[in-house]
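Protein chains in written order, with UniProt numbering: chain B, 1 to 444; chain W, 1 to 493.
A virtual CB, placed ideally from N, CA and C, is assigned to each residue, including glycine.
Since this is a predicted model, take the numbers as computed values, not measurements.
Inspection log for the structure reproduced underneath, given as structure tokens.
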């Protein structure tokens, strides 16, 4: 019997929309009629009011049945219930007034009063109903100035500013838990709406590890299999992601912490999880591939460079790190120095650069803009001399440089000593005779 | 000026053709259209505007998924199934077991080919060639490959390759396309489709096939594009003065005329595309334009006069003879220097069912020096840094002799359960050996690598997540590795 009651009770959210529609319709027709100073709609208004009364009554019954299933407590519930009943009664009286010719006999102020009261009741009840389902600040949460969001912590600009609870945990609770666990709904007696309530816990225990309880009810529930009735969030609701579970665990493990900065959590993986959650770390690429994207380059700049025939590849999609080559064929109708100038717009984004086989001379390499992130440089088969080597200083991260087929001699070797980060230099087909120098490996 | 109206014919048959958009095209267009509308409203117009640019020349946006280690690949496919016993998988214990029957415990339940299944015995045939260790990595290499022995410290051996296919055609098709039945795109086509090109004057996928090598035939579908757009199929370069067929202008036909003719043809084709909407028309336009550019880029490639003698000496005397394996290795290097993304070589004739010692000796003689020279040459030019070299066949060979075993002659049947390949260059561990086989090189004892694993690893090295590069065809998404394959991280430096 109880199951049947809940079954019918759950039709409440569907049924409520019928009286809302009918009664608003009746109200609007009445307003229209008042404005046009005619009474042409009286019968239609009566019909809408009758339908509205019927459906409102059904919604009331279903609503009552739903409330018996538990999970809805407090003042809001009784306000909603009485609001619904009163609105239904007002709609019924209005119907009686409009369906008879009382409207003509009675002073019109009575009918007007009834309609306005009924409409007010409808709005009030509807709003309270919405608050019951979505939370009382659902409507205003994002409102400027007065909304609850307006008072939240400002979003962190860097990892150093992140507060674990305020920036990470609270938003997770807000998004995934609070629609049921809040002061005016109190599923399982638990509210996660404010710190006092969170510390208090729910009917089945504390969120945190306590002296008596060795387990955290929260950790236990979020790890249950989906088939388990006690699993949280319940089946059908938006689930926690693996990252969010990891973050919640870390927060619970740390004890009742509501204001510690993230950096005070020693654990690297938590730093990573939280950084990813907040979008401060790009971890879409695992392991060594994890890189911070460079400053964005706008696509018009890229298009303009590409139009000249320069080939640009992004080393990793979305990273704004580029592998750039100037193919010799583009020199057929363009000037090399001008081509090299084109690279200035993306100078800090070039990681690999191939300007080989272009007849490049020392002067042009000298004019080339500094590139602070360049790691691999191909300069082979050009006309560079010993002087060119010291020019490489403008590429502080250079690891591999290919210089084969240039006019280099042994005299350039000492210049390499300043580049401690350099790993490989290719010097085949040069006049260099020595093969080894310090840690630099020469191939050729 | 030339102007085309949308073709409207008075002929009823033609009209019906004009109205006809292919079923698949229609579905693709409408579903894309509706999908794009929905997406637009979800993302907001501003995000639609910021759609990423294609990568390189014609690559897909959103790639690469990883920082690529290999910008180019050259795959030296040794067709026929080179014996692991006479090359890299040294099995000294076999000498003591000469002529003995292969133990049942080793053979297990494996089905043999019809060529040796009915033999009364399966006599163990140890390699008659000597092995030695080379380089700092102390890798074992047979005396047949003295040049490869010089570069072992650059090689990354996989001794534990295995394949489900025991016959040539399905095994090669499996290796080249990820599936044993014809019709899937080959590796090079996937690379071209996903990553595009770095040289607009040459195809991104080029095929070279040694002349004068006998054995099982190869088919153009091995470098075919399958269901991918046609411009991603491999373009075969032949030997001799006319390496790409139908590229040259007809006699007495002036290049400028040709250019004008192609410009008009493009307009016609574009008009055709506008009324039919078949994407293959665009592929055709792209191919005509590529062919026109290749009229100047290919002669430049095949003109070997800029190669000094010592380079020819390095690759061996054969390298002066266009179309040999050695000449193709040299050509491969020239293509890689021009940033061709995927160069596929084939050398046939490794299928020694009988007279194996003389056969394999000849194969090694024709390939060993040039293979090693390619590694050395790429290295001295700094290209081995980001070029991946792959050497291997479609399967291995049996430990037992097919046919009569004598002191100095024997044959070996196909063996898919284990065989050796190697990779070198970009991103793989140099001087490294992965995987082990038992004393009979019959079963893998450690770290097996499937063909799908190999493909997954190869894609990874090129910066592609093999699970993410897919193409929807006939209602499902296809990928090179089908539903299998994992990247073998241990191979990666």
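{"Check": "6 Å CB neighbourhood of residue 311 of chain B in its chain, flanking five on each side removed", "Outcome": "325"}
{"Check": "Which residues DSSP lists as bridging residue 323 of chain B, in chain order", "Outcome": "B:313 and B:352"}
{"Check": "Reduced DSSP category for residue 83 of chain B - H, G, I as helix; E, B as strand; rest coil", "Outcome": "helix"}
{"Check": "C-alpha distance - residue 198 of chain B paired with residue 165 of chain B, whole-angstrom precision", "Outcome": "12 Å"}
{"Check": "Short-range partners of chain B found in the stretch 56–71 of chain W, where Cβ spacing is below 8 Å", "Outcome": "56, 57, 59, 61, 62, 63, 64, 65, 66, 67, 68 and 71"}
{"Check": "Residue 183 of chain W classed as buried or exposed, judged by whether at least 16 other C-beta atoms fall within 10 angstroms", "Outcome": "exposed"}
{"Check": "Host beta strand (DSSP E) of residue 206 of chain W (start-end)", "Outcome": "205–209"}
{"Check": "Neighbour list for residue 385 of chain W in chain B, Cβ cutoff strictly below 7 Å", "Outcome": "400"}
{"Check": "Rounded separation between residue 106 of chain B and residue 128 of chain B - CA only", "Outcome": "33 Å"}
{"Check": "Beta-carbon separation (whole angstroms), residue 157 of chain W vs residue 142 of chain W, contact threshold 8 Å", "Outcome": "With 8 Å as the limit, residue 157 of chain W and residue 142 of chain W do not qualify as a contact, their Cβ atoms being about 13 Å apart."}
{"Check": "Inter-residue CB distance, residue 321 of chain B and residue 315 of chain B (contact presumed, cutoff 8 Å)", "Outcome": "4 Å"}
{"Check": "Range covered by the alpha helix (DSSP H) that runs through residue 335 of chain B", "Outcome": "It is not in any alpha helix (DSSP H) - residue 335 of chain B carries neither H nor E in the DSSP assignment."}
{"Check": "Distance, residue 64 of chain W Cα to residue 120 of chain B Cα", "Outcome": "60 Å"}
{"Check": "Where the beta strand (DSSP E) through residue 426 of chain B begins and ends", "Outcome": "424–426"}
{"Check": "Bridge partner(s) assigned by DSSP for residue 388 of chain W", "Outcome": "W:73 and W:425"}
{"Check": "8 Å Cβ cutoff, residue 380 of chain W in contact with chain B", "Outcome": "yes"}
{"Check": "Beta-carbon contacts of residue 379 of chain B that lie in its chain and below 8 Å, excluding the five residues immediately before and after", "Outcome": "355, 356, 360, 365, 388, 401, 402, 403 and 406"}
{"Check": "Cβ of residue 447 of chain B within 8 Å of any chain W Cβ", "Outcome": "Residue coverage of chain B in this structure runs from 1 to 444, which leaves residue 447 of chain B outside it and unanswerable."}
{"Check": "Neighbour-count burial assignment, residue 338 of chain B, 16 or more Cβ in a 10 Å radius", "Outcome": "exposed"}
{"Check": "Alpha-carbon spacing of residue 344 of chain B relative to residue 66 of chain W, whole angstroms", "Outcome": "26 Å"}
{"Check": "Neighbour-count burial assignment, residue 285 of chain W, 16 or more Cβ in a 10 Å radius", "Outcome": "buried"}
{"Check": "Delimiting residues of the alpha helix (DSSP H) encompassing residue 61 of chain B", "Outcome": "42–68"}
{"Check": "Cα-Cα separation between residue 419 of chain W and residue 228 of chain B, rounded to whole angstroms", "Outcome": "50 Å"}
{"Check": "DSSP bridge partner residues for residue 123 of chain W (one or two, in chain order)", "Outcome": "W:101"}
{"Check": "Where residue 198 of chain W meets chain A, residues with beta-carbon distance less than 7 Å", "Outcome": "Absent from the structure: chain A. Protein chains present are B and W."}
{"Check": "Residues bridged to residue 397 of chain W (per DSSP)", "Outcome": "W:414"}
{"Check": "contact_flag[the stretch 231–239 of chain W, the stretch 183–201 of chain W] where n(CB pairs < 8 Å) is 3 or more", "Outcome": "yes"}
{"Check": "Chain B within 8 Å of residue 201 of chain W, Cβ atoms only", "Outcome": "yes"}
{"Check": "DSSP-derived helix/strand/coil call for residue 436 of chain W", "Outcome": "strand"}
{"Check": "Contact set between residue 332 of chain B and chain W, taken where Cβ atoms lie within less than 8 Å", "Outcome": "Per Cβ cutoff of 8 Å: no residues; residue 332 of chain B is ~10 Å from chain W at best."}
{"Check": "Validate contact between the stretch 383–390 of chain W and the stretch 159–169 of chain W using beta carbons, cut 8 Å, 3 pairs", "Outcome": "no"}
{"Check": "Alpha-carbon to alpha-carbon, residue 162 of chain W and residue 85 of chain W", "Outcome": "15 Å"}
{"Check": "Residue-chain proximity (residue 329 of chain B, chain W), Cβ-Cβ < 8 Å", "Outcome": "yes"}
{"Check": "Selection of the stretch 374–387 of chain B by Cβ proximity to chain W, strictly under 8 Å", "Outcome": "376, 378 and 380"}
{"Check": "8 Å Cβ cutoff, residue 426 of chain B in contact with chain W", "Outcome": "yes"}
{"Check": "Touching by the beta-carbon criterion (3+ pairs, under 8 Å), the stretch 179–193 of chain B and the stretch 257–272 of chain B", "Outcome": "no"}
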